[in-house]
Amino acid sequence: MSTPGHYFESMYSDSSDPWDFATAWYELRRYGLIVASLPEQRYRVCFEPACSVGVLTEMLAARCDEVHGVDVVDTAAEEARRRLARAGVTTAHVRTADALDPWPRATCDLLVLSEFLYYTPVAELDGLLTGLLRLVEPGGTVVACHWLGRSPDHACTGEDVHAALAERGDLTLLAHHREEGFLLEVFRR
Ligand SMILES: C[S@@+](CC[C@H](N)C(=O)[O-])C[C@H]1O[C@@H](n2cnc3c(N)ncnc32)[C@H](O)[C@@H]1O
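Take 247 as the starting number for the sequence shown in the numbering used here and just add one per residue.
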């Protein structure tokens with residue numbers, strides 16, 4: 247079973263930024279690596295499912311004409327919108343929605359999957375990826391970055407996620423960066 251929505255609701259009811267995305271050097275450096283790994287200088291439309299409080303969303307906005315983030319938790323999406331407004335970013339838009347809810351844009355040329363796919367059981371990963379990759383234009387970039395530790399709230403591991411990505415016949419691996427803590431991979435759709 248995927249990690250249920252009420253788990254994330256309870257995380258955000260205890261703290262507006264439960265993973266310290268806005269302040270932890272580990273996360274800020276990881277976001278910097280994600281953005282630096284993108285092969286194109288500019289992207290037209292980026293989709294960032296599970297965008298949380300929008301720290302990476304704001305960084306992506308500097309490289310993209312439009313960024314569309316979604317998070318299942320309303321307070322997280324609100325916090326992301328506040329962050330973007332404070333930063334004067336008008337080209338990034340965050341909605342409260344599931345990653346697979348119908349998307350307002352036809353396609354994107356950048357899909358960002360950061361610390362998200364391990365909430366889905368291994369047996370369901372390929373189906374989720376099929377739904378998400380449907381949005382990515384041929385030739386578009388898919389970047390995935392996942393922690394390699396174990397957590398009881400995860401339905402699978404970061405290694406499982408990247409193994410599922412490696413199985414996809416519709417993705418070509420462009421870059422692979424492994425550290426003790428996380429794996430970052432960039433693909434061409
Ligand atoms: C660990 S945080 C990752 C945030 C961000 N992507 C990052 O790398 O910093 C996981 C987020 O995924 C959101 N989430 C979980 N399942 C989701 C789903 N099916 N659709 C949209 N958001 C989801 C949670 O609410 C939470 O904010």
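Every residue gets a Cβ at the ideal spot worked out from N, C-alpha and C, and that includes glycine.
Predicted, not measured: the structure shown is a model, and the values here were computed from it.
Taking the C-alpha atoms as reference points, what is the distance between residue i and residue j?
| i | j | result |
| --- | --- | --- |
| Y253 | D399 | 8 angstroms |
| Y289 | A331 | 21 angstroms |
| E325 | S262 | 7 angstroms |
| V291 | H339 | 11 angstroms |
| G415 | R424 | 22 angstroms |
| L346 | V318 | 10 angstroms |
| R309 | Y277 | 13 angstroms |
| E413 | P285 | 22 angstroms |
| A322 | L417 | 30 angstroms |
| G385 | Q287 | 14 angstroms |
Beta carbon of residue i, beta carbon of residue j: below 8 angstroms?
| i | j | result |
| --- | --- | --- |
| V388 | V382 | yes |
| L420 | V407 | no |
| T353 | A401 | no |
| V211 | M305 | Nothing can be reported for residue 211, as the shown portion of the chain is limited to 247 through 435. |
| E312 | T303 | no |
| H392 | G377 | no |
| R379 | R435 | Reading the sequence as shown, one finds Leu at residue 379 and not Arg. Yes, the Cβ-Cβ distance between L379 and R435 is below 8 angstroms. |
| A410 | L356 | no |
| V316 | R341 | yes |
| G427 | Y272 | yes |
| S283 | L430 | yes |
| T269 | A307 | no |
In this structure, how does DSSP classify residue i when only helix, strand and coil are distinguished?
| i | result |
| --- | --- |
| T342 | strand |
| T321 | helix |
| D328 | Residue identity differs from the one stated: residue 328 is Arg in this sequence, not Asp. In the structure shown, R328 sits in a helix (DSSP, three-state: H, G or I). |
| T366 | coil |
| E413 | helix |
| T403 | coil |
| W271 | helix |
| G377 | helix |
| L284 | coil |
| T303 | helix |
Taking the DSSP output, what are the residues bridged to residue i?
| i | result |
| --- | --- |
| W393 | F428 |
| L419 | F433 |
| G315 | E294, V340 |
| V382 | C354 |
| V256 | The sequence given here places Ser at residue 256; Val does not occur at that position. The partner list for S256 (beta bridge, DSSP) is empty, contrary to what the question assumes. |
| V388 | L357, F433 |
| Y289 | C310 |
Determine contact between the region 289–300 and the region 350–369, defined as no fewer than three beta-carbon pairs at a distance below 8 angstroms. yes
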